[in-house]
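Participant: Mind having a look at this structure? Questions to follow.
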Amino acid sequence: MPELPEVEVARRSVADRIAGGLILAVHMGKPLRWPLQTDPQGLVGRQVVSVGRRGKYLLFHLDEGVLLVHLGMSGSIRFAEGLPPAGVHDHFTLVTTHGLLRLHDPRRFGAVVFAPGLDKPPATTLLSRLGVEPLSADFDEASFVNAVRGKQAPIKQVLLAGALVVGVGNIYACEVLFLAGIHPATRADKVARYRLCTLHGAIKSVLAAAVAAGGTTLRDFSDANGDAGHFQTHAKVYGREGLACTVCGTPIKRMVQGQRSSYFCPNCQRG
DNA sequence: AGATGTCCCTGGAAGC
DNA sequence: TGCTTCCAGGGACATC
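Here this note's numbering = 1-based position in the first sequence + 21.
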């Protein structure tokens with residue numbers, strides 16, 4: 022499923038080609054997570070100026086307004102050559118002078134939302150409560166450590182909530198907690214400072230490495246040109262319940278937090 | 001207000 | 001072999 026690195030890879034794979042393109046037509050498939058909130062035909066004639074990203078949202082900046090695209094857990098965008106008929110899971114198609122871009126999303130957790138501007142609803146509703154970008158200079162160690170220690174929820178859920186730092190999904194959350202030696206159920210304000218410093222570094226390095234490698238292809242991820250990622254996440258804990266910890270040999274355990282599986286090594290992750 | 005629970009959806013895997 | 005059940009996940013929203 023696309024987490025931040027995959028969304029960033031998707032962004033890079035479409036940005037250069039789509040920029041400057043005029044929207045010729047818009048086709049909608051089955052409804053996605055939230056309504057577009059505008060007449061799709063109103064997008065026709067607008068120009069795509071650039072493609073940005075905030076958290077896991079792709080931002081298609083138009084000459085007037087912005088199109089927010091979320092890939093959910095099974096979404097991918099891809100340029101289609103020619104004018105092939107939409108498949109059953111192609112729920113949004115942008116026909117432009119610079120190519121035909123499709124959003125393919127079998128589970129429809131994705132979203133396409135139009136906003137008149139980034140500083141206007143519904144963009145503000147979706148983006149305002151997002152935390153810091155983990156790959157930006159704003160993600161500094163001291164601020165992160167202090168913010169985490171102001172929370173009482175389990176550390177895993179603080180990471181997933183995205184209010185402090187965005188883009189850390191379930192898989193990367195499990196992995197970075199393992200690297201930092203932190204048990205996922207530990208209350209955020211009870212985690213030792215030195216472990217949070219390690220966690221901060223792990224978030225930065227793991228996400229950056231994943232972006233550099235073209236994302237992780239755990240579940241059929243590919244970029245807009247159909248190229249798969251090369252970040253072979255030999256996950257150290259995720260999905261490895263019952264298997265030996267790569268560090269100490271203890272069987273990896275699984276627990277459920279907030280309806281989601283957390284994988285951890287009961288020996289390596291204590292604090 | 002902060003923490004926790006619920007729900008949306010469907011393909012693939014596992015179980016009978 | 002063919003059915004049914006379970007599971008995965010991001011994040012808005014409801015509830016405590």
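Beta carbons: idealized from backbone N, C-alpha and C, even for Gly.
1. Of all the options Phe199, Asn246, Ile224, Tyr215, which has the alpha carbon lying nearest to the alpha carbon of Thr267?
2. Would the beta-carbon of Gly66 fall within 8 Å of that of Leu89?
3. For the stretch 127-144 and the stretch 183-203, state whether three or more C-beta atom pairs, one from each stretch, are separated by less than 8 Å.
4. So, for Gln68: in the same chain, excluding its five sequence neighbours on each side, which residues have a beta-carbon less than 6 Å away from its beta-carbon?
5. Taking buried to mean at least 16 other C-beta atoms within 10 Å of its own C-beta, is Tyr259 buried or exposed?
6. Does the ligand FAD have a heavy atom nearer than 7 Å to the CB of Gly96?
7. If we require 3 or more residues per run, which beta strand (DSSP E) segments fall completely within the stretch 145-208?
8. Apart from the five residues just before and just after Arg275, which ones in its own chain have a Cβ nearer than 6 Å to its Cβ?
9. In its own chain, which residues sit with a C-beta less than 7 Å from the C-beta of Gly188, not counting the 5 before and 5 after it?
10. With respect to the beta strand (DSSP E) encompassing Leu88, which residues constitute its N-terminal and C-terminal limits?
11. Between which two residues does the beta strand (DSSP E) holding Ser97 run?
12. Rounding to the nearest angstrom, what Cα-Cα distance links His119 and Pro52 in this structure?
Facilitator: In brief:
1. In the first sequence, residue 267 corresponds to position 246, counting from 1. Among Phe199, Asn246, Ile224, Tyr215, the Cα nearest to that of Thr267 belongs to Phe199.
2. Here the question's residue 66 lines up with position 45 in the first sequence. Here the question's residue 89 lines up with position 68 in the first sequence. In this structure, Leu89 does not lie closer than 8 Å to Gly66 by Cβ.
3. no
4. Sequence index remark: in the first sequence, residue 68 carries index 47 (1-based). Closer than 6 Å at Cβ, skipping near neighbours: Leu43, Asp84.
5. Reading the first sequence from its first residue, position 238 is the one you call residue 259. That one is buried.
6. The ligand FAD is not part of the structure shown, which contains no ligands of any sort.
7. none
8. Taking the first sequence and counting its residues from 1, one reaches residue 275 at position 254. Correct list, in chain order: Glu262, Ser282, Tyr284.
9. On the first sequence, position 167 is the one that residue 188 refers to. Contacts found: Glu24, Leu25, Gly76, Lys77, Pro155, Leu228.
10. As a working mapping, residue 88 is identified with position 67 in the first sequence. Segment 87-91, the beta strand (DSSP E) holding Leu88.
11. Position 76 of the first sequence, counted from the start, is the residue given in the question as residue 97. 97-101 is the extent of the beta strand (DSSP E) around Ser97.
12. In the first sequence, the residue the question calls residue 119 occupies position 98. In the first sequence, the residue the question calls residue 52 occupies position 31. If you take the alpha carbons of His119 and Pro52, they lie about 25 Å apart.
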